[in-house]
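**Student:** Dumping the structure here so I can ask a few things about it.
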Amino acid sequence: MEDALLLLKENIKKSIKSVYDLEFDDIFVERPEDEKHGDLATNVAFLLAKKIFKPPLKIAENLSHEINGYDICFECDGANYPVFSSIEVVSPGFINFRFSDYFLKNQLSEVLKKNDNYGSNKKGQGRVIIVEYSAPNPNKPLHIGHSRNNFLGSSISEILSFNSYNVVKMNYMNDWGTHICKSMLMYKKYGNGRDPDKKPDHFVGDFYRMYEVEHEKNPEKLDKELAEMFREMEQGKKETLELWKKITGWAYEGWKETYENENVSFDVCEYQSNYTKAGKEIIDYAIEKEIAEKDDSGAIIARLEKYGIPDKVLLRSDGTPIYITQDIQLAKDNFEKYNFEKRIYVVDKRQSDYFKQLFKLFELLGFKWADRLYHLAYGWVSLPEGAMSSRAGTVVNADDVFEKIFELEQEEVKNSLKEVTDLEKTSKKIALAAYRYGMLKIDPKQDIVFDMNGVTRFEGNTGPYLMYTYARAMSIIEKSGIEASSLESNIELFENIKMEEKEVSLLRFMCTFPETVSLSADTMSPHLIANFLYNFAQKFNSFYSEVPVLNAKEDLRFFRLVLVCCSAQVIKNGLKLLGINVVEKM
RNA sequence: GCCUCCGUAGCUCAGAGGAUAGAGCAGUUCCCUUCUAAGGAAAAGGUCGGGGGUUCGACUCCCUCCGGAGGCGCCA
Numbered sequence: 154m155e156d157a158l159l160l161l162k163e164n165i166k167k168s169i170k171s172v173y174d175l176e177f178d179d180i181f182v183e184r185p186e187d188e189k190h191g192d193l194a195t196n197v198a199f200l201l202a203k204k205i206f207k208p209p210l211k212i213a214e215n216l217s218h219e220i221n222g223y224d225i226c227f228e229c230d231g232a233n234y235p236v237f238s239s240i241e242v243v244s245p246g247f248i249n250f251r252f253s254d255y256f257l258k259n260q261l262s263e264v265l266k267k268n269d270n271y272g273s274n275k276k277g278q279g280r281v282i283i284v285e286y287s288a289p290n291p292n293k294p295l296h297i298g299h300s301r302n303n304f305l306g307s308s309i310s311e312i313l314s315f316n317s318y319n320v321v322k323m324n325y326m327n328d329w330g331t332h333i334c335k336s337m338l339m340y341k342k343y344g345n346g347r348d349p350d351k352k353p354d355h356f357v358g359d360f361y362r363m364y365e366v367e368h369e370k371n372p373e374k375l376d377k378e379l380a381e382m383f384r385e386m387e388q389g390k391k392e393t394l395e396l397w398k399k400i401t402g403w404a405y406e407g408w409k410e411t412y413e414n415e416n417v418s419f420d421v422c423e424y425q426s427n428y429t430k431a432g433k434e435i436i437d438y439a440i441e442k443e444i445a446e447k448d449d450s451g452a453i454i455a456r457l458e459k460y461g462i463p464d465k466v467l468l469r470s471d472g473t474p475i476y477i478t479q480d481i482q483l484a485k486d487n488f489e490k491y492n493f494e495k496r497i498y499v500v501d502k503r504q505s506d507y508f509k510q511l512f513k514l515f516e517l518l519g520f521k522w523a524d525r526l527y528h529l530a531y532g533w534v535s536l537p538e539g540a541m542s543s544r545a546g547t548v549v550n551a552d553d554v555f556e557k558i559f560e561l562e563q564e565e566v567k568n569s570l571k572e573v574t575d576l577e578k579t580s581k582k583i584a585l586a587a588y589r590y591g592m593l594k595i596d597p598k599q600d601i602v603f604d605m606n607g608v609t610r611f612e613g614n615t616g617p618y619l620m621y622t623y624a625r626a627m628s629i630i631e632k633s634g635i636e637a638s639s640l641e642s643n644i645e646l647f648e649n650i651k652m653e654e655k656e657v658s659l660l661r662f663m664c665t666f667p668e669t670v671s672l673s674a675d676t677m678s679p680h681l682i683a684n685f686l687y688n689f690a691q692k693f694n695s696f697y698s699e700v701p702v703l704n705a706k707e708d709l710r711f712f713r714l715v716l717v718c719c720s721a722q723v724i725k726n727g728l729k730l731l732g733i734n735v736v737e738k739m
């Protein structure tokens, strides 16, 4: 497929040289949105028109006439077949190319050959990308905002791996600071040393919420106590550190289940508490280079305003580090260890200024890898009734959302599954599909209004719709009695098969999957995969309702089975990239 | 005050310089004696926030104004 694109570009270039005696390198070939405009199209005639002062339509006609004589072919089993079936010129000057049926049918063997790897490519080979995501505070349970972060981070990691990058999935625990002391302080006062009687992160979260309530009543007192407790931590007071270990340990223990439910995992966990003494050398260096300076209060400030970025405090006036101090060190250590091609921070967009400051600092410090850092800024998740607020108690817990979707799916599956064998397992997978897909189908930079009732609806552009489409396809394969794995060895070019309109449409779209995979990696946009899958599933369902497979005759039946099998494979691969595992039956 | 992001059908969203701006939901019609109706088919729904500009061509790029969200020195 990629080859066909390159081949076409070369031939267009050649035709320009031949007709106009011009070296023209800037060949742009696109995929037209409208099927009527063919599979590939080029606008070179418009670009050339400026150079040689002739009407675009005339140029397009001359070029297409030339290219028509070129006999562009691909090889299959020792024979040559044309790549294109037609090359058309359309006013005001487009040249449209349509793939031949031979070429399209040949893609099927490609899918069968690569199966679980169909759509992947080699472009990231030998390059490391760190994807830092999730990064919660271990003092309370995860909420739906974390879910979006988790889904984005894990999905982007999958997509990059599929493009052959060597991905390091990193979680960075913000386990050091006064925020942790909030839960600790309340537990110390009111916990009576008891063990959790519920999911441990929720248990810890109760104390966090308790703090918010108490703080309303008597802010000065609590602020003081909190600061005192953190001082004890900093000084290494044994009793306090033990409490800290206990509280954060419960949070981690509870999250384990949440992460599992969400199909999220990590290769490396870094802890902020290991970086409490870090970063100071770099900051000394920054002062030396006059990037940062000490102000009247004694705090170290990076002067960034001349670059259009707000100034940033690097060290408190009492000399203690803050978040950025440690983040500086972490990135530097990471580079020395992994020599990364890119480091992606999956963090919501409210932190955009922070990352601008961080990245600018690295640039000013002269680190050559400064431009390899990338902030994936995603939009905020809010509720129909407004923003979430831990103070107002309107934070929607990730476990509760999942549980609710899970219950609803269980009902659905109970009502529709023919043999209810794996009710719980199947429902859980579908629930996750609903949750993950619901968030990932939306462009990361958009805010999401998270409507519980919307997610619990499973028609239209949803994860369950895609799962259902896959299950229908697999049902056909199962009833046919053939082994999907045996198809590859029996495949041929189906020269005698005349395809129906719906089949051509399905197959043409299937061929664009690898390009979508590549683009979504380049732009770190899982929603491109989601959009592809939805459009593809629609085409499949349309084909499904109009074209009979099992009742077709001999060769035709076999061809259609192959088409169904490949379609299922593409849906499976695409969903995998979104962190969704298919079910065979539902 | 300065900076960033967003504004597309009643609602939720695609559209990353190309051809007649597309889906889903809601509402209106059809289709289960035929491979899973969580499905399919059809019609209806729009001054792409307003106004300028660049271009053969703008939802897309630039400027400006209006609306919404967010961020701006010792929180993370």
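Residues 154 to 739, numbered by our numbering, are exactly what the first sequence covers, in order.
All residues carry an ideal CB built from backbone N, CA and C; glycine is no exception.
1) Quick check on the DSSP output: the alpha helix (DSSP H) that includes residue 195 runs from which residue to which?
2) Quick one, which of 491, 309, 672, 292 has its alpha-carbon nearest residue 357's?
3) Are there 16 or more other CB atoms within 10 angstroms of the CB of residue 218, so buried, or fewer, so exposed?
4) If you drop the 5 nearest sequence neighbours on each side, which residues of the same chain put their C-beta closer than 7 Å to that of residue 432?
5) Quick check on this structure: which residue in 530, 611, 464, 655 has the alpha carbon closest to the alpha carbon of residue 504?
6) Does residue 393 pass the burial test, meaning 16 or more other C-beta atoms within 10 Å, or should it be called exposed?
7) Where residue 692 and residue 220 are concerned, what is the direct C-alpha to C-alpha distance, given to the nearest angstrom?
8) Would a C-beta distance cut-off of 9 Å place residue 653 and residue 723 closer than the cut-off?
9) Classify residue 649 as buried or exposed, calling it buried when 16 or more other Cβ atoms lie within 10 Å of its own Cβ.
10) Compute the Euclidean distance between the alpha carbons of residue 458 and residue 186, then round it to the nearest angstrom.
11) Taking its Cβ as the centre, do 16 or more other Cβ atoms sit within 10 Å of residue 602, making it buried, or is it exposed?
12) Decide yes or no for the touch test of the stretch 618 to 635 against the stretch 552 to 565: beta carbon pairs closer than 8 Å, at least 3 of them.
13) Anyone know if the C-beta pair for residue 259 and residue 226 falls short of 9 Å?
14) Do residue 236 and residue 160 count as a contact pair if the criterion is CB distance below 9 Å?
15) Which residues mark the beginning and the end of the beta strand (DSSP E) in which residue 445 is found?
16) According to the neighbour-count rule (16 or more other Cβ atoms, all chains shown, within 10 Å of its Cβ), is residue 586 buried or exposed?
17) Please report how far the alpha carbon of residue 448 lies from the alpha carbon of residue 511, in whole angstroms.
18) Do residue 436 and residue 467 have their C-beta atoms within less than 9 Å of each other?
19) Between 595, 399, 667, 327, which has its C-alpha nearest residue 263's C-alpha?
20) Let me know the secondary structure DSSP gives residue 337 once reduced to three states.
21) Are there 16 or more other CB atoms within 10 angstroms of the CB of residue 188, so buried, or fewer, so exposed?
22) Just checking my contact of residue 590 with residue 731 at CB under 8 Å: how many whole Å lie between their CB atoms?
23) For the ligand HEM, any of its heavy atoms closer than 8 Å to the Cβ of residue 221?
24) Taking DSSP as the reference, what is the three-state secondary structure of residue 283?
25) Mind checking which residues open and close the beta strand (DSSP E) that includes residue 557?
26) Apart from the five residues on each side of it in sequence, which residues of its chain come closer than 7 Å, Cβ to Cβ, to residue 245?
27) Counting pairs of beta carbons, one from the stretch 346 to 356 and one from the stretch 323 to 334, are three or more of them closer than 8 Å?
28) Just the Cα atoms here: how many angstroms apart are residue 401 and residue 427?
29) From the DSSP output, which residues share a beta bridge with residue 501?
30) Quick check: the Cα distance between residue 646 and residue 261, rounded to an integer number of angstroms?
31) Restricting to Cα atoms, I'd like to know which of 609, 387, 509 is closest to residue 461.
32) What are the partner residues of residue 474, as DSSP defines its beta bridges?
33) So the beta strand (DSSP E) residue 321 belongs to, where does it begin and stop?
34) Look up residue 288 in the DSSP assignment and say whether it is helix, strand or coil.
35) Identify every run of the beta strand (DSSP E) within the stretch 367 to 399, keeping only runs that are complete inside it and at least 3 residues long; order them along the chain.
36) Kindly indicate which residue of 711, 453, 373, 243 has the alpha-carbon position closest to the one of residue 434.
**Tutor:** This is what the structure holds:
1) First-last for residue 195: 193 to 195, but that is the beta strand (DSSP E), not the alpha helix (DSSP H).
2) 292
3) exposed
4) 474, 478, 479, 481, 482
5) 530
6) Per the 10 Å Cβ criterion, buried.
7) 32 Å
8) Result no, Cβ atoms of residue 653 and residue 723 do not sit closer than 9 Å.
9) Burial call: exposed.
10) 45 Å
11) Classification for residue 602: exposed.
12) Between the stretch 618 to 635 and the stretch 552 to 565 there are fewer than three C-beta pairs closer than 8 Å, too few to call the two in contact.
13) no
14) Taking 9 Å as the cut-off, the beta carbon of residue 160 is found closer than this to the beta carbon of residue 236.
15) 445 to 447
16) buried
17) 19 Å
18) Yes, Cβ-Cβ distance for residue 436 and residue 467 is below 9 Å.
19) 667
20) Residue 337 carries a helical assignment under DSSP once its states are collapsed to helix, strand and coil.
21) exposed
22) Contact flag correct, Cβ pair sits at about 6 Å.
23) Questions concerning the ligand HEM fall outside what the structure shown contains, since it holds no ligand whatsoever.
24) It is a strand residue.
25) Not the beta strand (DSSP E): residue 557 falls in the alpha helix (DSSP H), residues 551 to 569.
26) 209, 210
27) The answer is no - the stretch 323 to 334 does not touch the stretch 346 to 356, with fewer than three Cβ pairs under 8 Å.
28) 14 Å
29) 531
30) 9 Å
31) It is 509 whose Cα lies nearest to the Cα of residue 461.
32) 468
33) 319 to 326
34) coil
35) none
36) Ranking 711, 453, 373, 243 by Cα distance to residue 434 puts 453 first.
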